[in-house]
Amino acid sequence: MSESPFLDVKDLKIHFSTDDGVVKSVDGLSFSLERGKTLGIVGESGSGKSVTSLGILGLHRGKSANVSGEIWLDGEDLVTASQEHVRRLRGRKMAMIFQDPLSSMHPFYSVGDQIIEAYRIHHKVSKSVARKHAIDMLGRVGIPEPKRRVDSYPHEFSGGMRQRAMIAMALSCDPELLIADEPTTALDVTVQAQILDLMRDLQREFNSALIIITHDLGVVAELSNDILVMYAGKCIEYGSAEDIFYRPEHPYTWGLLGSMPRLDREPTERLLPVKGTPPSLINVPSGCAFHPRCPYSDQTDGQSKAEIPALINTDPGHLVRCHLSRTQRRTLWENEVKPVLETQ
Amino acid sequence: MTTSNEPLLSVQDLEKHFPVTKGLLKRQVGAVKAVDGISFDVFKGETLGLVGESGCGKSTTGRLVTRLLEPTGGKVVFEGRDITHMSQGKLRPLRRDMQMIFQDPFSSLNPRHTVGTIVGAPFHIQGVQTEHGVKKAVQDILQLVGLNPEHYNRYPHEFSGGQRQRIGIARTLALKPKLIIADEPVSALDVSIQAQVVNLLEDLQNELDLTYVVIAHDLSVVRHISDRVAVMYLGKIVEIADRKRLYSSPMHPYTNALLSAVPIPDPKARADGDRIRLTGDVPSPLNPPPACRFHTRCWKAQDICKTVEPPLEELASGHRVACHFPENAPEPAPKTAAATS
Ligand SMILES: Nc1ncnc2c1ncn2[C@@H]1O[C@H](COP(=O)(O)OP(=O)(O)OP(=O)(O)O)[C@@H](O)[C@H]1O
Ligand SMILES: Nc1ncnc2c1ncn2[C@@H]1O[C@H](COP(=O)(O)OP(=O)(O)O)[C@@H](O)[C@H]1O
Ligand code: SF4
Ligand code: SF4
Ligand SMILES: [Mg+2]
Ligand SMILES: [Mg+2]
Chain A
32 MSESPFLDVK DLKIHFSTDD GVVKSVDGLS FSLERGKTLG IVGESGSGKS
82 VTSLGILGLH RGKSANVSGE IWLDGEDLVT ASQEHVRRLR GRKMAMIFQD
132 PLSSMHPFYS VGDQIIEAYR IHHKVSKSVA RKHAIDMLGR VGIPEPKRRV
182 DSYPHEFSGG MRQRAMIAMA LSCDPELLIA DEPTTALDVT VQAQILDLMR
232 DLQREFNSAL IIITHDLGVV AELSNDILVM YAGKCIEYGS AEDIFYRPEH
282 PYTWGLLGSM PRLDREPTER LLPVKGTPPS LINVPSGCAF HPRCPYSDQT
332 DGQSKAEIPA LINTDPGHLV RCHLSRTQRR TLWENEVKPV LETQ
Chain B
157 MTTSNEPLLS VQDLEKHFPV TKGLLKRQVG AVKAVDGISF DVFKGETLGL
207 VGESGCGKST TGRLVTRLLE PTGGKVVFEG RDITHMSQGK LRPLRRDMQM
257 IFQDPFSSLN PRHTVGTIVG APFHIQGVQT EHGVKKAVQD ILQLVGLNPE
307 HYNRYPHEFS GGQRQRIGIA RTLALKPKLI IADEPVSALD VSIQAQVVNL
357 LEDLQNELDL TYVVIAHDLS VVRHISDRVA VMYLGKIVEI ADRKRLYSSP
407 MHPYTNALLS AVPIPDPKAR ADGDRIRLTG DVPSPLNPPP ACRFHTRCWK
457 AQDICKTVEP PLEELASGHR VACHFPENAP EPAPKTAAAT S
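Protein chains in written order, with the numbering used here: chain A, 32 to 375; chain B, 157 to 497.
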């Protein structure tokens, strides 16, 4: 028997009860990830990306949230673990980088004090040792003059520096799982490039498992080994970065690729958007949630509207959730979609 | 693209310095040089893209040109008329011809007004008579931007982001403007919806013979939609050229760095080691670096860059650059090329 993966998420469901009905934000998500590897999760806003990441960190407990399924981290199921235990794992074993570093840093404490505080929760060291560590971490993420900047407050940093400080904080306890939710969405493109380089280098160095969540296909292509495409709370396609970019098989993935103007190709006359709008997660469309927007829903003998398609293996490690047959999908991609995407 | 020689809009040495004040007496202690002497023309029927990183002065430029802000220097000429300091009363008829689309489709629509009221408002404000009544005119526009005419009595909150942006576009189209300044028209939208709105803007341009200035930070979107592109850095235009030249042989180091920083949606591109990486962030416009403002981040900077400001010069036909040591500069020497173009 082979060893179980470092992170193994099985049939994760996160539903919220609201006045308008039950919001099925995450609805049966499964994936796994090894140390040293990067998984990219892409999807449009509201597809359930952030709810997934907060769910893994155990931040949805109580109140209206209903979490089910399994989240195995290094052999422990976090869904059934005590809240206290999961809290202890946060920061030590797993950490998160958010889109907006300002909202996740305390405005009244210096950046250094926040790193020192986080470090000392998990490491029994003196304040001065922790301070040295904080300075070291700030230097590692490229903050200039870390000895001086360690005493700065978050508002004294620029957006890019804050995101670096946030990464320093997340990495200060050497987490084995790092989740970055839209880590560069708020940043300028030149700073985004610096941060993506930094995350790539640090991951190599720390050998952590990294989940990068974004709506930007360019960003996932930069970092990911594997990519999970989400639509309406479900995984609709999963594969290696090469699978998703060179041989995608799901009509929604095709739609995402066609919607995007690309700098690496000759300019096209026209973009090929997905028609319609993303679905409500309260009244999810019947059958395949993508069917109201899918140009091929009439090629499945009515199944698209009637039945939720299963996520099936189309190739080893490449999974697709669609009623079209494998032959249909590949023929459509080769003959209709790919030529238009590449030549127009 | 039908372009005439007479520019529809001409901007000369345009400047906006916001005063920075301190204390109860509001003593001025400095100025944010948001826009600091920029010049460009926009010709009828074309799309000019304006790119640059956050805070470089793109939105301020849009607001100056449409006179939502008062310039502190320079000139704005629209259809041959100097409108730089024209009174609001005199501007009013011109407002029909020049419209602005804003980034945020959520906050730019009044939540208490129906779609009909919102899109119909310009008719009432300008006192425009319509052949079959305002309602019919509004419904025609709704149809034009891909909304259902039956949406007339609905409220903004009943619509998705993309639909709200369509409502915003419908409102600007009501009075058949000649020039539309679109400030980040798609950046708040999802990828699939972005593409719908980009296509809509292009269709409307062809159908209604519109001229656009599109402000955006997304270089891929700007390339897709523009005929010419201007790159801004800290309140200055550092490069302006037709899109083909700008994207295939960018001359300003900053433009090169910007293009190099765009993540490419192709896993193979990852291995590409010779990308330009800038260090640090954009400096504050309160205290921009002297001479060439880019010298604090530029890998080609020499002493002259810190003392002499490079002028925006035409180094190839229609390709203007402000740099002492441009990349991809055409041979023979730049000066000669400028003289012959
Ligand atoms: N009313 C104002 N008072 C003072 N400073 C201002 C004002 N409006 C804008 N600024 C400053 O002028 C500079 C340019 O702002 P502007 O909004 O034009 O940037 P932008 O290029 O549109 O950026 P973004 O991409 O973030 O929208 C910024 O430094 C901004 O803080
Ligand atoms: N606490 C909550 N209560 C109810 N609905 C929620 C809650 N948090 C998120 N949602 C809904 O779940 C869906 C997915 O949200 P999210 O994961 O934040 O999307 P994204 O993919 O943009 O990160 C959205 O429809 C959102 O409105
Ligand atoms: S199941 Fe049907 S509707 Fe869904 S993606 Fe496949 S073809 Fe389209
Ligand atoms: S003038 Fe000098 S500092 Fe400025 S962009 Fe050119 S080479 Fe760089
Ligand atoms: Mg999110
Ligand atoms: Mg702006």
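C-beta atoms are modelled at their ideal positions from N, C-alpha and C, and glycine is treated no differently. Computed from a predicted model, the values in this text were never measured in an experiment.
Item, Value
"Under 8 Å between C-beta atoms of D108 (chain A) and E101 (chain A)", "yes"
"Own chain, CB closer than 7 Å to V284 (chain B), minus 5 neighbours either side, in chain order", "L331"
"Buried or exposed (CB count within 10 angstroms, at least 16 for buried), N443 (chain B)", "exposed"
"Identified DSSP bridge partners for M127 (chain A)", "A:I210"
"Cβ neighbours of N238 (chain A) in the same chain (closer than 7 Å, five flanking residues each side left out)", "R66 and G67"
"Contact set for E268 (chain A): own chain, Cβ-Cβ below 6 Å, skip 5 residues either direction", "V260, H281, T284 and V351"
"Enclosing alpha helix (DSSP H) for R268 (chain B) [first to last residue]", "Segment: none, R268 (chain B) is in no alpha helix (DSSP H) and carries neither H nor E."
"Meets three-Cβ-pair contact criterion under 8 Å: the stretch 238–251 of chain B and the stretch 413–420 of chain B", "no"
"Chain B contacts made by the stretch 220–233 of chain A, where a contact means CB separation under 8 Å", "V220, T221, V222, Q223, A224, Q225, L227 and D228"
"For L353 (chain A), three-class secondary structure by DSSP", "With the sequence shown as reference, residue 353 (chain A) is identified as Cys, and Leu is not the correct amino acid for it. Reduced to three states, the DSSP call for C353 (chain A) is coil."
"Backbone CA spacing between I210 (chain A) and H173 (chain B) [nearest angstrom]", "42 Å"
"Contact the stretch 176–187 of chain B vs the stretch 248–268 of chain B: 3+ CB pairs below 8 Å", "no"
"Reference P227 (chain B); option with closest CA among B:L250, B:C212 and B:L170", "B:L170"
"Neighbour-count burial assignment, T358 (chain A), 16 or more Cβ in a 10 Å radius", "exposed"
"Distance CB(Y150 (chain A))-CB(A165 (chain A)) smaller than 8 Å", "yes"
"Residues of the stretch 294–309 of chain A with Cβ closer than 8 Å to any Cβ of chain B, in chain order", "L294, D295, P298, T299, R301, L302, L303, P304, V305, K306, T308 and P309"
"Three-state secondary structure (DSSP) of L109 (chain A)", "coil"
"Proximal residues of chain B, C-beta to C-beta of A272 (chain A) below 8 Å", "P423"
"For C448 (chain B), three-class secondary structure by DSSP", "coil"
"Interfacial residues, the stretch 75–109 of chain A to chain B, with Cβ spacing under 7 Å", "E75 and S76"
"Whole-Å CB distance - I244 (chain A) paired with D212 (chain A), under 8 Å assumed", "5 Å"
"heavy atom of ligand 4 below 7 Å from A457 (chain B) C-beta", "yes"
"CB contact check: M32 (chain A) to chain B, cutoff 8 Å", "With a pLDDT of 45 at M32 (chain A), under the threshold of 50, the predicted position of this residue should be treated as unreliable, though the coordinate-derived value follows. So, not an interface residue."
"Short CB-CB distance (under 8 Å) between V176 (chain B) and chain A", "no"
"Chain-ordered neighbours of G318 (chain B) on chain A, where CB pairs are closer than 7 Å", "T308"
"Beta-carbon spacing of V477 (chain B), M407 (chain B) below 8 Å", "yes"
"Given G173 (chain A) as reference, the closest of A:G264, A:G270, A:S335 and A:L227 once Cα atoms are compared", "A:L227"
"beta-carbon H451 (chain B) near ligand 4 non-hydrogen atom, thresh 7 Å", "yes"
"Minimum Cβ-Cβ distance from M127 (chain A) to chain B less than 8 Å", "no"
"N266 (chain B) versus L225 (chain B) - alpha carbon distance", "22 Å"
"Close beta carbons around Q352 (chain B), own chain, < 8 Å, minus the five adjacent residues each side", "G302 and G318"
"First and last residue of the uninterrupted alpha helix (DSSP H) at G289 (chain A)", "P282 to S290"
"Ligand 4 heavy atom lying under 7 Å from the CB of Y410 (chain B)", "yes"
"Cutoff 8 Å: A397 (chain B) Cβ touching any chain A Cβ", "no"
"Proximity test, Cβ basis, 8 Å: M197 (chain A) and chain B", "no"
"Buried or exposed (CB count within 10 angstroms, at least 16 for buried), R235 (chain A)", "exposed"
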